[in-house]
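Colleague:
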Amino acid sequence: MTTTLESVVLDQVADARGPWSAVVKAGDVLTMIDLHGNQAVDTLLYAADDHAVRYSAAATVTAQRNLFLTTGTVLRSDDSTPLMTIVADEVGNHDTVGGACSQESNTLRYGHHTRHQHACVENFLIEGAKWGLGKRDMVSNINFFMNVPVDADGTLGIVDGLSAPGKSLSLRAEVDTLVLVSNCPQINNPCNGFDPTSVRLVVTRP
Numbered sequence: 007m008t009t010t011l012e013s014v015v016l017d018q019v020a021d022a023r024g025p026w027s028a029v030v031k032a033g034d035v036l037t038m039i040d041l042h043g044n045q046a047v048d049t050l051l052y053a054a055d056d057h058a059v060r061y062s063a064a065a066t067v068t069a070q071r072n073l074f075l076t077t078g079t080v081l082r083s084d085d086s087t088p089l090m091t092i093v094a095d096e097v098g099n100h101d102t103v104g105g106a107c108s109q110e111s112n113t114l115r116y117g118h119h120t121r122h123q124h125a126c127v128e129n130f131l132i133e134g135a136k137w138g139l140g141k142r143d144m145v146s147n148i149n150f151f152m153n154v155p156v157d158a159d160g161t162l163g164i165v166d167g168l169s170a171p172g173k174s175l176s177l178r179a180e181v182d183t184l185v186l187v188s189n190c191p192q193i194n195n196p197c198n199g200f201d202p203t204s205v206r207l208v209v210t211r212p
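Have a look at this one:
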């Protein structure tokens, strides 16, 4: 009988509405746990030693010929470099086209009274600054646990999530990867069940 032993490298909780980041070493596995269910986790990926190598939605979708992300999806940069691979997924459908909320988009979509609300772009800028990243380094992001169905005519919408308390997904780093997270603060659409909650992020090493 063979057993696989893993060591826990990092075990943290990203607060509701807050940012989080870490470098996940090649071969290590990052597991995101939706503690309370129906919480969108906006995510950006960068090669840790070269931030110009970064997640590309277009390259990822084109390579897998599928708009949605799940087990087996390789998350690629614009030159098709594999950054991380989804190795386990208890939800089965994650978004890569819905984008990140911002104070500007909130105002446009939901009215000027939302202008003051904290949003994912602000989280990314705050957390990215710790790693020398700025607004010009922001690209289209992944929305883990977020449900964005796309109709045949290309229309998309944000609807109730498919996740539930304790559901998780795991990402294996193919290169040393900087992971930036915005634990989405959106309260104007159903992506967080109108009630943002915390998520747990665990990095393990085989």
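If you're matching positions, the sequence shown starts at 7 in my numbering and goes up one per residue. Cβ coordinates follow ideal geometry from the N, Cα and C atoms, glycine included.
#1: Taking 8 Å as the cut-off, does the region 70–79 touch the region 13–24 (at least 3 CB pairs, one atom from each stretch)?
#2: Let me check understanding here. Comparing Cα to Cα, which of L184, L41, D159, V14 lies closest to M90?
#3: In the DSSP assignment, what are the bridge partners of F150?
#4: Hey, out of L175, Q192, F200, D159, whose CA is closest to N99's CA?
#5: Output yes or no for whether 7 Å exceeds the beta carbon distance between T4 and V156.
#6: State the start and end residues of the unbroken beta strand (DSSP E) segment that holds N129.
#7: DSSP three-state label for V181, please.
#8: If the criterion is Cβ atoms closer than 7 Å, does the pair F150 and V47 meet it?
#9: At which residues does the beta strand (DSSP E) containing Q18 begin and terminate?
Modeller: Checking against the coordinates, here is how it stands:
#1: no
#2: Mapped onto the sequence shown, residue 90 falls at position 84. With distances taken between Cα atoms, M90 lies closest to L184.
#3: Sequence index remark: in the sequence shown, residue 150 carries index 144 (1-based). Paired residue(s): V47.
#4: As a first step, residue 99 must be located in the sequence shown, where it is residue number 93. The candidate whose alpha carbon is nearest that of N99 is L175.
#5: Because the chain here runs from 7 to 212, residue 4 falls outside it and cannot be looked at.
#6: Residue mapping note: residue 129 aligns to position 123 of the sequence shown, counting from 1. No beta strand (DSSP E) contains N129, which is instead part of the alpha helix (DSSP H) from 126–134.
#7: Here residue 181 corresponds to residue number 175 of the sequence shown, with the count starting at 1. Coil, per DSSP.
#8: Translated into the one-based positions of the sequence shown, residue 150 becomes position 144. Translated into the one-based positions of the sequence shown, residue 47 becomes position 41. Yes, these two residues count as a Cβ contact at 7 Å.
#9: Taking the sequence shown and counting its residues from 1, the one referred to as residue 18 is at position 12. It spans 13–20 - the beta strand (DSSP E) in which Q18 sits, taken as one unbroken run.
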